[in-house]
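**Student:**
Number of protein chains: 2
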Amino acid sequence: MSELLPPQPVRTRRQHGAVRIEDVARAAGVSAITVSRALNKPDSVAEETRKLVWAAVDELGYIPNRLAGGLASSRTRTVAVVIPTITNSIFADKIQGMSDVFGAADYQLILANSGYSLGREADLVAALLAQRPSAIVLTGVTHEERAARMLGRAGVPVVETWNLRPSPIDMLVGFSNAEAAFAMVAHLHHCGYRRIGFVSAPVADNDRAADRLAGYRRAVAEFDLADRPGLAREAHFTLANGAAAFREILSAHPDVEAIFFANDVLAAGGALEARRRGMRIPADIGIAGFDDVDLAQEFVPALTTVRIPRYEIGATAARMILARLDDPETDAPPVADLGFEVVQRQSTRPAPSP
Amino acid sequence: MSELLPPQPVRTRRQHGAVRIEDVARAAGVSAITVSRALNKPDSVAEETRKLVWAAVDELGYIPNRLAGGLASSRTRTVAVVIPTITNSIFADKIQGMSDVFGAADYQLILANSGYSLGREADLVAALLAQRPSAIVLTGVTHEERAARMLGRAGVPVVETWNLRPSPIDMLVGFSNAEAAFAMVAHLHHCGYRRIGFVSAPVADNDRAADRLAGYRRAVAEFDLADRPGLAREAHFTLANGAAAFREILSAHPDVEAIFFANDVLAAGGALEARRRGMRIPADIGIAGFDDVDLAQEFVPALTTVRIPRYEIGATAARMILARLDDPETDAPPVADLGFEVVQRQSTRPAPSP
DNA sequence: ACCACCGATGATAGCGCTAACATCGCTTAA
DNA sequence: TTAAGCGATGTTAGCGCTATCATCGGTGGT
Numbered sequence: 100m101s102e103l104l105p106p107q108p109v110r111t112r113r114q115h116g117a118v119r120i121e122d123v124a125r126a127a128g129v130s131a132i133t134v135s136r137a138l139n140k141p142d143s144v145a146e147e148t149r150k151l152v153w154a155a156v157d158e159l160g161y162i163p164n165r166l167a168g169g170l171a172s173s174r175t176r177t178v179a180v181v182i183p184t185i186t187n188s189i190f191a192d193k194i195q196g197m198s199d200v201f202g203a204a205d206y207q208l209i210l211a212n213s214g215y216s217l218g219r220e221a222d223l224v225a226a227l228l229a230q231r232p233s234a235i236v237l238t239g240v241t242h243e244e245r246a247a248r249m250l251g252r253a254g255v256p257v258v259e260t261w262n263l264r265p266s267p268i269d270m271l272v273g274f275s276n277a278e279a280a281f282a283m284v285a286h287l288h289h290c291g292y293r294r295i296g297f298v299s300a301p302v303a304d305n306d307r308a309a310d311r312l313a314g315y316r317r318a319v320a321e322f323d324l325a326d327r328p329g330l331a332r333e334a335h336f337t338l339a340n341g342a343a344a345f346r347e348i349l350s351a352h353p354d355v356e357a358i359f360f361a362n363d364v365l366a367a368g369g370a371l372e373a374r375r376r377g378m379r380i381p382a383d384i385g386i387a388g389f390d391d392v393d394l395a396q397e398f399v400p401a402l403t404t405v406r407i408p409r410y411e412i413g414a415t416a417a418r419m420i421l422a423r424l425d426d427p428e429t430d431a432p433p434v435a436d437l438g439f440e441v442v443q444r445q446s447t448r449p450a451p452s453p
Numbered sequence: 100m101s102e103l104l105p106p107q108p109v110r111t112r113r114q115h116g117a118v119r120i121e122d123v124a125r126a127a128g129v130s131a132i133t134v135s136r137a138l139n140k141p142d143s144v145a146e147e148t149r150k151l152v153w154a155a156v157d158e159l160g161y162i163p164n165r166l167a168g169g170l171a172s173s174r175t176r177t178v179a180v181v182i183p184t185i186t187n188s189i190f191a192d193k194i195q196g197m198s199d200v201f202g203a204a205d206y207q208l209i210l211a212n213s214g215y216s217l218g219r220e221a222d223l224v225a226a227l228l229a230q231r232p233s234a235i236v237l238t239g240v241t242h243e244e245r246a247a248r249m250l251g252r253a254g255v256p257v258v259e260t261w262n263l264r265p266s267p268i269d270m271l272v273g274f275s276n277a278e279a280a281f282a283m284v285a286h287l288h289h290c291g292y293r294r295i296g297f298v299s300a301p302v303a304d305n306d307r308a309a310d311r312l313a314g315y316r317r318a319v320a321e322f323d324l325a326d327r328p329g330l331a332r333e334a335h336f337t338l339a340n341g342a343a344a345f346r347e348i349l350s351a352h353p354d355v356e357a358i359f360f361a362n363d364v365l366a367a368g369g370a371l372e373a374r375r376r377g378m379r380i381p382a383d384i385g386i387a388g389f390d391d392v393d394l395a396q397e398f399v400p401a402l403t404t405v406r407i408p409r410y411e412i413g414a415t416a417a418r419m420i421l422a423r424l425d426d427p428e429t430d431a432p433p434v435a436d437l438g439f440e441v442v443q444r445q446s447t448r449p450a451p452s453p
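Residue numbers (our numbering), protein chains in the order written: chain E, 100 to 453; chain S, 100 to 453.
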């Protein structure tokens, strides 16, 4: 009986006013697929046709629907990025690096911050994969097992950043936080310091902080430095917390010679506290930081610190992803150790001349 | 002749391995639409069915495809955000505010930075609208005409931030940059300063900077302050540029009494340069900043500055958007002036006691 | 006994785009 | 002359989901 039914009423869910590819096609006197090609693969369309299409696009103010395009093609030109927090400028630099490289390639960033929680990270991975990004970039190399599982099955390029590990999920761009912290303590030792305090970032759910602490401890053991309770403590990166940690270490160990802070903001906070107390840097106490942010260089006295490739981590991750997406078969090395550099400035006394 | 064709071979474009809603439906013994409802409107499904579905989702590791969902429903739970640069922490705070509010509501942020270029902003608006976001948030209140046109036609909530204007495109959250700068100069005047320099951020394509400069100029005129060429200049926000601007103003006008910097980073750079030259603050020169970032409070001497609602701008914008999306008919005021506050600290001399 | 009503579930038809294949006119080699 | 080859364009059929309407038992009022 179905062939006897009258024509169904036209039913549509379309948004009023939204210009679709079909409208452009009609205006240009071509088919929808030709419009699609003119926009996405201009070389595959005759020049004259291309101009017609572009004119129609302009005239109608057509903005392609990338949801539909992504669904049809399974390519979204979208990259998901998880960082611990955006309020730490080191991650802002990394994002800038990614933004510069991806922006030039017409990719969009979807950003989420985990608040230094691996549980939240795993939740975000699920939410982000739901957007079917072309790739995903994580901060750190430790993850909940469910996060790793989802990433493994998702079949998209994954880049872990900011640290090293033997067997990354997929690709990796970073440097050795453990070696970097060790190198700074070795440097301070070389400069004659023997009682060196350490202010760590909270190590829970943070492999970078944990590795820096481990590097410090290994150096303390190796160089036979003072190793007393309370010489190492933990503080979340703010100037105020750096100042507080400085006070605590100094009150527990008045004879401390230098304090190595796990980041420059803490170090600057410590140095400002020293100034408030009328202590001279480095005459009365040495201060070392980590990250080499802008402030470290401009600070008075300029901070001895560890320079890390913040921007380059982002830019390199982006380049690795683009290379992989352009040619999935490429066997470019999926791991980049970008290194670090101990920078001696005025906040610690110099190495003895030979 | 078509009815004589043999059955076509099965042709599919599906990604291998991707779990679809249909797979979950089969595993749970229900239809696809019921799975959709169990995930998106759990109340509309019987409890027993819901449990079945959730179990199947878990077992299969199903991650919904939001491209498809968004295409079908025209709701993406995605918000596009344009900022000038992510490396300025004031915008990081705003993003954190948005991230906190939107994260709790299960919305994702798509972030893009314009590099303080309105042309680039317009390009980004097009690229971002192509993702069909649920809303879009801009920084500043001046835009290229084509950007405004696209936004007007897009039919999504638009929030302009960080400044005020009489007729926003749609919604607006900010404060008066002109009034804030005026208020700081008025404050300095009240404290006895008469020769006040000003270091502006580059005003090109930046209405916030332009308005701060205008506020300074209006105050200079109104209070009959020194108004000499070279007393106001422009510098991009870095510590080094703040130091350079300090040097230039001081060499052109050795008798300058105070310098008002359009942001705290510049101010700190200026203050550090003063210290390098052995000048005392505020005895030899007053330093005022803008933004009240962390550094301003912890700096020695602590910086007199203008506190602006950085985090709250983001959080409020997010709340306004969610309110609008929940109820498009709501007539909640689409404009929020969040104000500012002049904060007197140690880097300028105090007001005379009455 | 009847029916309007309601909660739960399902069948169907798109959403706007692009992959895959088909077609068409023209050139070039045999 | 003819067929193979190629560039440009078109037709068709999804991509994976949800809006819409249909269906189907039970409930309760009359």
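Glycine residues also receive a C-beta, built at the ideal position from the N, C-alpha and C atoms. As the structure is a computational prediction, the values presented were derived from the model and not from experiment.
Could you spell out where the alpha helix (DSSP H) holding S350/S opens and where it closes?
**Tutor:** Run containing S350/S: 338-351, per the alpha helix (DSSP H) assignment.
**Student:** Residue ranges of each beta strand (DSSP E) run of no fewer than 3 residues wholly in the region 252-294 of chain S, ordered along the chain?
**Tutor:** With a minimum length of 3 residues, the continuous beta strand (DSSP E) runs that stay inside the region 252-294 of chain S are 257-260, 270-273.
**Student:** Taking the alpha-carbon positions, what's the T415/S to L166/S distance?
**Tutor:** Answer to the nearest angstrom: the Cα atoms are 28 Å apart.
**Student:** Taking buried to mean at least 16 other C-beta atoms within 10 Å of its own C-beta, is A155/E buried or exposed?
**Tutor:** Classification for A155/E: buried.
**Student:** Would you verify that the beta carbon of E102/S is, or is not, closer than 8 Å to some beta carbon of chain E?
**Tutor:** For E102/S, the pLDDT reaches just 36, beneath the cut-off of 50, and the residue's location in the model is therefore unreliable, although a value from the coordinates is still provided. Cβ-Cβ to chain E under 8 Å: no for E102/S.
**Student:** Using three-state DSSP, classify T241/S as helix, strand or coil.
**Tutor:** Coil at T241/S, not helix or strand.
**Student:** How would you label T111/S, buried or exposed, when you count the other beta carbons within 10 angstroms and need 16 or more for buried?
**Tutor:** Result: exposed.
**Student:** Using a beta-carbon distance below 8 Å, is D192/E in contact with chain S?
**Tutor:** With 8 Å as the cut-off, D192/E counts as an interface residue toward chain S.
**Student:** Do we get a CB-CB distance below 8 Å when we pair M249/S with the residues of chain E?
**Tutor:** Interface residue, yes.
**Student:** Whole angstroms is fine: what's the gap from G231/E's alpha carbon to L138/S's?
**Tutor:** Residue 231/E is actually Arg in this sequence, not Gly. Going from the Cα of R231/E to the Cα of L138/S covers about 18 Å.
**Student:** By alpha-carbon positions, which one of L217/E, R176/E, S213/E, R293/E ends up nearest to R203/S?
**Tutor:** Looking at the sequence shown, residue 203/S is not Arg but Ala. Selected option, being the one with the closest Cα: S213/E.
**Student:** Report the rounded CA-to-CA distance for V181/S versus E220/S, giving the unit in angstroms.
**Tutor:** Taking the straight line joining both Cα atoms gives about 7 Å.
**Student:** Report the residue ranges of all beta strand (DSSP E) runs contained in full by the region 147-211 of chain E; include only those spanning at least 3 residues, in chain order.
**Tutor:** Counting only runs of 3 or more, we get 177-182.
**Student:** To the nearest angstrom, report how far apart E102/S and A171/E are at their CA atoms.
**Tutor:** Summary for E102/S: the model assigns pLDDT 36, below 50, so the residue's position carries little reliability; its value from the coordinates is reported in the next sentence. Looking at the two C-alpha atoms, the distance is approximately 29 Å.
**Student:** Just mark D390/S as buried or exposed, buried being the case when its beta carbon has 16 or more other beta carbons within 10 Å.
**Tutor:** Looking at its Cβ environment, which holds 16 or more other Cβ atoms inside 10 Å, D390/S is buried.
**Student:** Which whole-angstrom value is the C-beta distance of G251/E and I268/E, which I expect to be below 8 Å?
**Tutor:** Indeed, because the Cβ distance is near 7 Å, the residues count as touching under 8 Å.
**Student:** What three-state label does DSSP hand A357/E in the structure shown?
**Tutor:** Note: A357/E maps to strand in three-state DSSP.
**Student:** With distances taken between CB atoms, is the gap from D326/E to V240/E smaller than 8 Å?
**Tutor:** For D326/E and V240/E, no; Cβs fall outside 8 Å.
**Student:** Any beta carbon from chain S within less than 8 Å of P105/E's own beta carbon?
**Tutor:** Low local confidence applies: a pLDDT of 39 at P105/E is under 50, so the model's placement there is unreliable, with the coordinate-based value given in what follows. It does not; no Cβ of chain S falls within 8 Å.
**Student:** So with Cβ pairs under 8 Å, would you call P108/E a contact of chain S?
**Tutor:** Confidence at P108/E is low in this model, with a pLDDT of 47, below 50, so its placement is unreliable and the value that follows should be read with caution. By this cut-off, P108/E is not an interface position.
**Student:** Counting only beta-carbon separations shorter than 8 Å, does L210/S have a partner in chain E?
**Tutor:** Chain E contact via Cβ: present.
**Student:** Apply the 10 Å Cβ neighbour rule to D205/S and answer buried if 16 or more other Cβ atoms are within range, or exposed otherwise.
**Tutor:** Its Cβ having fewer than 16 others within 10 Å, D205/S is exposed.
**Student:** Would you mind telling me which residues of chain S sit closer than 8 Å to T186/E, beta carbon to beta carbon, in chain order?
**Tutor:** Correct list: S188, A191, D192, Q195.
**Student:** For the region 352-364 of chain E against the region 246-261 of chain E, do three or more pairs of beta-carbon atoms, one drawn from each stretch, fall closer than 8 Å, so that the two count as touching?
**Tutor:** No: the two stretches stay apart, fewer than three of their Cβ pairs being nearer than 8 Å.
**Student:** To the nearest angstrom, how far is the alpha carbon of H289/S from that of F281/S?
**Tutor:** Rounded to the nearest angstrom, the two C-alpha atoms are 12 Å apart.
**Student:** Leaving aside the five residues before and after Y161/S along the sequence, list all residues of the same chain whose C-beta is less than 6 Å from its C-beta, in chain order.
**Tutor:** Excluding residues within five positions, the ones whose Cβ falls inside 6 Å are V118, V123.
**Student:** For the region 148-172 of chain S, which residues have a CB atom closer than 7 Å to at least one CB atom of chain E, in sequence order?
**Tutor:** Within the region 148-172 of chain S, the residues whose Cβ lies closer than 7 Å to some Cβ of chain E are G160, I162, P163, N164, R165, L166, A167, G169, L170, listed in chain order.
**Student:** Determine the burial state of A334/E: buried for a count of at least 16 other Cβ atoms within 10 Å of its Cβ, exposed for fewer.
**Tutor:** Label assigned to A334/E: buried.
**Student:** Per DSSP, which residues does I386/E bridge with? Please list them.
**Tutor:** In the DSSP output, where bridge partners are listed per residue, I386/E has I358/E.
**Student:** Where do the N-terminal and C-terminal ends of the beta strand (DSSP E) with E440/S fall, by residue?
**Tutor:** From DSSP, the beta strand (DSSP E) with E440/S extends over 440-442.
**Student:** By Cβ distance below 8 Å, which residues in the same chain neighbour A126/S in space, the five residues on each side in sequence not counted?
**Tutor:** Cβ neighbours of A126/S beyond the five flanking positions: A155, E158, L159.
**Student:** Just to confirm the assignment, what range does the alpha helix (DSSP H) spanning A422/E have?
**Tutor:** It spans 409-425 - the alpha helix (DSSP H) in which A422/E sits, taken as one unbroken run.
**Student:** In angstroms, rounded to a whole number, what distance separates the CA positions of R332/E and F297/E?
**Tutor:** Cα to Cα, the separation comes out at about 6 Å.
**Student:** List, in order along the chain, the chain E residues whose C-beta lies closer than 9 Å to that of T337/S?
**Tutor:** Chain E residues near T337/S: D393, E397.
**Student:** Mind listing the chain S neighbours of L371/E? Cutoff is C-beta to C-beta under 9 Å, in chain order.
**Tutor:** Within 9 Å Cβ-Cβ: E397, F398, V399.
**Student:** Would you say S299/S faces chain E, with C-beta separation under 8 Å as the test?
**Tutor:** With 8 Å as the cut-off, S299/S does not count as an interface residue toward chain E.
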